[in-house]
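Engineer: Sending over a structure as structure tokens; questions will come in a sec.
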Amino acid sequence: MKVDLEKEYQEYLKLVGLKESEMHPVQAIETKRAFYGGCGRLFNLMDVVSNSTESEEEAIDGMQEMKDQITNFWKKETEKHGVKD
65 MKVDLEKEYQ EYLKLVGLKE SEMHPVQAIE TKRAFYGGCG RLFNLMDVVS NSTESEEEAI
125 DGMQEMKDQI TNFWKKETEK HGVKD
């Protein structure tokens, strides 16, 4: 499976309601840096989890825990700002 991070970045912008063409240039570059920084850090964490666990099941559990934390963060953020699904 090949993942196109630029396409994923564009999908992220849609998800959060941003358009690069409407952002201040500094906001545009910092948003992109934050996205790629987050992707890089998550990739690193996934690598650490997969290499420091005793079993595949334990690695999957660790990654599921990260996914749950991300889901909970965004749920709280959307509730805080009154965003409906």
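The opening position of the sequence shown corresponds to residue 65 in this note's numbering, with each subsequent residue numbered one higher.
In this text, a Cβ means the ideal position worked out from N, Cα and C, and glycines have one as well.
Counting Cβ pairs, one atom from each stretch, are 3 or more of them under 8 angstroms apart for the region 103-115 and the region 123-140?
Structural biologist: yes
Engineer: If you follow the alpha helix (DSSP H) that residue 112 is in, where does it begin and where does it stop?
Structural biologist: The count along the sequence shown starts at 1 and reaches residue 112 at position 48. Looking at the DSSP string, the run of the alpha helix (DSSP H) that includes residue 112 is 89-115.
Engineer: Taking residue 79 and residue 103 to be in contact with their CB atoms under 8 angstroms, please state how far apart those CB atoms are, rounded to whole angstroms.
Structural biologist: Here residue 79 refers to the residue found at position 15 when the sequence shown is read from its first residue. Here residue 103 refers to the residue found at position 39 when the sequence shown is read from its first residue. About 14 angstroms separates the two Cβ atoms, so there is no contact after all.
Engineer: Given residue 100, which residues of its chain have a CB within under 8 angstroms of its CB, disregarding the five upstream and five downstream residues?
Structural biologist: Mapped onto the sequence shown, residue 100 falls at position 36. Excluding residues within five positions, the ones whose Cβ falls inside 8 angstroms are 69 and 73.
Engineer: Can you tell me which of the three DSSP states residue 65 falls into?
Structural biologist: Locating residue 65 in the sequence shown gives position 1, counting from the first residue. Here residue 65 sits in coil by DSSP.
Engineer: When you compare only the Cα positions, how much space is there between residue 143 and residue 66?
Structural biologist: Numbered from 1 along the sequence shown, position 79 holds the residue referred to as residue 143. Numbered from 1 along the sequence shown, position 2 holds the residue referred to as residue 66. If I take the Cα positions, the gap works out to 33 angstroms.
Engineer: What number of angstroms, rounded off, separates the C-alpha of residue 110 from the C-alpha of residue 89?
Structural biologist: The count along the sequence shown starts at 1 and reaches residue 110 at position 46. The count along the sequence shown starts at 1 and reaches residue 89 at position 25. Approximately 32 angstroms between the Cα atoms of the pair.
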